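Undergrad:
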Amino acid sequence: MAAPAADAATPVAVPEPLVAVGAPTTDQMSSFWQVVIEQQLIIRVPAQRSPLNNFAAGPSPSRRATELPIVWKEKKAPKCIAMRNILGMQAVQRDSIDIITRQKQRLRAQLNRGCRALDFYAGFYMQGSKDGRLCEDRDEIHARTGAKCEIDKFRLMVPVRDDD
């Protein structure tokens, strides 16, 4: 069988190098295409106000005068925590943030060198991992400002009584 005369009369222009790809040919249209679908889970952790990130009005003297500040002691903590258990965070020191869990525990996450806790004043985002855990020396947290920091170490914060 011969091709129709209309197809034979159409000259085919040779594209110049580094030219955008044109429409697919009939041979390409008859082949199949592969589609890859990826799933990405981003988890947002909200921030709670702390003296480091409370930019609003000054302290109210009546309430602050009656409350005694909590004294925290650092203890050994696990290397990983379940992402589903993270409830919120506070920026309390220059180079670390406190992560509050659903079990009402407070874990201090020491950020890697050069990271500032103040960058995370509005909370942070973390990308879901295959095991569903946030681990030290492995995972990064992302601030809304664009900062990315790896967690160097977790420490469990335990309140202690100050018997003066």
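First residue of the sequence shown: -16, per this note's numbering; consecutive thereafter.
The beta carbon of each residue, even a glycine, is placed where N, CA and C say it ideally should be.
All figures in this text were calculated on a predicted structure; none of them were measured in a lab.
Helix or strand or just coil, what does DSSP make of LEU24?
TA: coil
Undergrad: Quick check: GLY71 and ALA30, are their CB atoms within less than 8 Å of each other?
TA: yes
Undergrad: Within 10 angstroms of its Cβ, does GLU119 collect 16 or more other Cβ (buried), or is it exposed?
TA: Its Cβ being crowded by 16 or more others within 10 Å, GLU119 is buried.
Undergrad: In angstroms, rounded to a whole number, what distance separates the CA positions of SER112 and ILE124?
TA: 12 Å
Undergrad: Quick check on the DSSP output: what are the complete beta strand (DSSP E) runs of length 3 or more inside the stretch 52 to 92, in order along the chain?
TA: 54 to 59, 63 to 65, 69 to 76 and 79 to 84
Undergrad: Do you know how far the Cα of ARG77 is from the Cα of ARG99?
TA: 6 Å
Undergrad: Which residues in the same chain as ILE64 place their Cβ atom closer than 6 Å to its Cβ, once the five residues preceding and following it in sequence are excluded?
TA: LEU117
Undergrad: Per DSSP, which one or two residues make a beta bridge with ALA30?
TA: DSSP, once it has assigned bridges, lists MET72 as partnering ALA30.
Undergrad: Just to confirm before moving on: does the CB-CB distance between ARG91 and GLU57 stay below 8 Å?
TA: Their beta carbons are under 8 Å apart, which means ARG91 touches GLU57 by this criterion.
Undergrad: LYS59 to THR84, Cα distance in whole Å?
TA: 16 Å
Undergrad: For the beta strand (DSSP E) containing LYS136, name the first residue and the last one.
TA: LYS136 -> beta strand (DSSP E) spans 131 to 143.
Undergrad: Shortest alpha-carbon distance to LYS62 belongs to which of VAL141, PHE137 and VAL143?
TA: It is PHE137 whose Cα lies nearest to the Cα of LYS62.
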